[in-house]
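In this text, residue positions in the sequence shown follow the UniProt record's numbering: the first is 1, and each later residue adds one. Note that beta-carbon positions come from the ideal geometry of N, C-alpha and C, so glycine has one too.
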Amino acid sequence: MMKKVYIYLTLLILPAVIGIIYFDIFNGKVKRTDFLYDSKGSIISSSPFPPSQHAVFGVDSSSNHMAYEVLSGYRITLLILIIIALVSLVLAILMGTYLAFSKRSGTFMQAVSNPFFYIPQSILAYIFLRPVLYESLNGFENSADYRILFNIMILILLMIPTTVVLIKESTEIILGKEFIVSAYTLSPSKTHIYFKHVWPNMTLQYLITFLRLLFQTLIIISHLAFFKIFFGGTDVCYGPACEIIEKPVFPELSSLMGYHFSDLTIAWWTFYAPLMAIIYMMLLMQMMVRELEIQKKIQI
Numbered sequence: 001m002m003k004k005v006y007i008y009l010t011l012l013i014l015p016a017v018i019g020i021i022y023f024d025i026f027n028g029k030v031k032r033t034d035f036l037y038d039s040k041g042s043i044i045s046s047s048p049f050p051p052s053q054h055a056v057f058g059v060d061s062s063s064n065h066m067a068y069e070v071l072s073g074y075r076i077t078l079l080i081l082i083i084i085a086l087v088s089l090v091l092a093i094l095m096g097t098y099l100a101f102s103k104r105s106g107t108f109m110q111a112v113s114n115p116f117f118y119i120p121q122s123i124l125a126y127i128f129l130r131p132v133l134y135e136s137l138n139g140f141e142n143s144a145d146y147r148i149l150f151n152i153m154i155l156i157l158l159m160i161p162t163t164v165v166l167i168k169e170s171t172e173i174i175l176g177k178e179f180i181v182s183a184y185t186l187s188p189s190k191t192h193i194y195f196k197h198v199w200p201n202m203t204l205q206y207l208i209t210f211l212r213l214l215f216q217t218l219i220i221i222s223h224l225a226f227f228k229i230f231f232g233g234t235d236v237c238y239g240p241a242c243e244i245i246e247k248p249v250f251p252e253l254s255s256l257m258g259y260h261f262s263d264l265t266i267a268w269w270t271f272y273a274p275l276m277a278i279i280y281m282m283l284l285m286q287m288m289v290r291e292l293e294i295q296k297k298i299q300i
């Protein structure tokens, strides 16, 4: 059963590994094609170009091959997702486990988390992030590093409340088992109980939660991109001669998708290329969750 998870995981990280090797290790660049020529060497058309054998995912209006753009953005997006999901999970495990072992009702955490079950996290993210990420008439007020860190912190804060409640409730179920009661008679140490008995029984739950955090984070940044709130900042042109008003500062997948949404009627492939990459990631995450949940049921 776990063999399928490893296969899906390999398929998930493989494009990122290829992108890292090409762009970061060998310093490769995004391939460009400005014009198409006929057999006589005369220009017959300029970018954008639809998908063809020379450009599998087509070429955008800036002459960039979308296959290279997507490959470059894939590694950035996956790194962002892993950082946000991992930090959120670690903090949620610490807080949720503490609440479960201390036998506290967690009324405050429940009150904090309840709105997150009803108010879309994408809306909250938009409210918090737009003032910082959307460039004003006077330019960005903060550095790129600050905007990236702020973006990550806000998304982590949005993920934590519901995840803490989930971890707390799952841990309480384990602590209610008879073998835990027996374990307390041998060692009253909560640290020993956790690492000896709770951790082994919660490992699959942690993995499932991590994958769901990856999925949810990807959903949120994709929603934000449709509102032109791109990860790390939206470069806005306010001049009267601007052809492109809003551009992403960092070409990660969701930002590429949101950026090319306006090209949907004239160069549809520039939108569908990053969209298909995002769907590819989501499908693999969901398939891993499904396999892990089946494995969890078997263990129970």
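Check	Outcome
Terminal residues of the alpha helix (DSSP H) in which aspartate 145 lies	144 to 175
Beta-carbon proximity of histidine 260 to proline 240, cut-off 9 angstroms	no
Cβ-based burial, glutamate 141 [other Cβ within 10 Å; buried from 16]	exposed
Cβ-based burial, valine 56 [other Cβ within 10 Å; buried from 16]	exposed
Reference tyrosine 98; option with closest CA among Ile193, Ile244, Met281, Val236	Ile193
Reduced DSSP secondary structure (H/G/I, E/B, other) of serine 246	Residue identity check: residue 246 is glutamate in the sequence provided, not serine. Glutamate 246 falls in the strand class under three-state DSSP.
Buried versus exposed, by CB contacts within 10 Å (16 or more), asparagine 151	buried
Residue range of the beta strand (DSSP E) that includes phenylalanine 35	35 to 37
Neighbourhood of leucine 155 by C-beta distance below 7 angstroms, restricted to the same chain and skipping five residues each side	Ile84, Ala125, Thr217, Ile220
C-alpha gap between phenylalanine 179 and methionine 282, whole angstroms	37 angstroms
Same chain only: Cβ atoms within 8 angstroms of serine 61, ignoring 5 sequence neighbours per side	Ser47, Pro48, Asp263, Ala267, Thr270
Proximity of phenylalanine 226 and glycine 258 at Cβ, strictly below 9 angstroms	yes
Isoleucine 44, enclosing alpha helix (DSSP H) - first and last residue	Segment 43 to 46 is the beta strand (DSSP E) holding isoleucine 44; no alpha helix (DSSP H) there.
Whether threonine 163 touches leucine 81 by CB criterion (9 angstroms)	no
Pairwise C-alpha distance: phenylalanine 101 and arginine 290	29 angstroms
Buried/exposed call for alanine 144, threshold 16 Cβ in 10 Å	exposed
Backbone CA spacing between proline 120 and lysine 177 [nearest angstrom]	35 angstroms
Inter-residue CB distance, serine 63 and glycine 19 (contact presumed, cutoff 8 angstroms)	Not quite, the Cβ-Cβ distance comes to about 20 angstroms (not below 8 angstroms), so this is no contact.
Which residues DSSP lists as bridging residue 302, in chain order	What is shown of the chain runs 1 to 300, which leaves residue 302 out entirely.
Rounded separation between glutamine 299 and leucine 204 - CA only	10 angstroms
Limits of the beta strand (DSSP E) - the one that threonine 234 falls within	234 to 236
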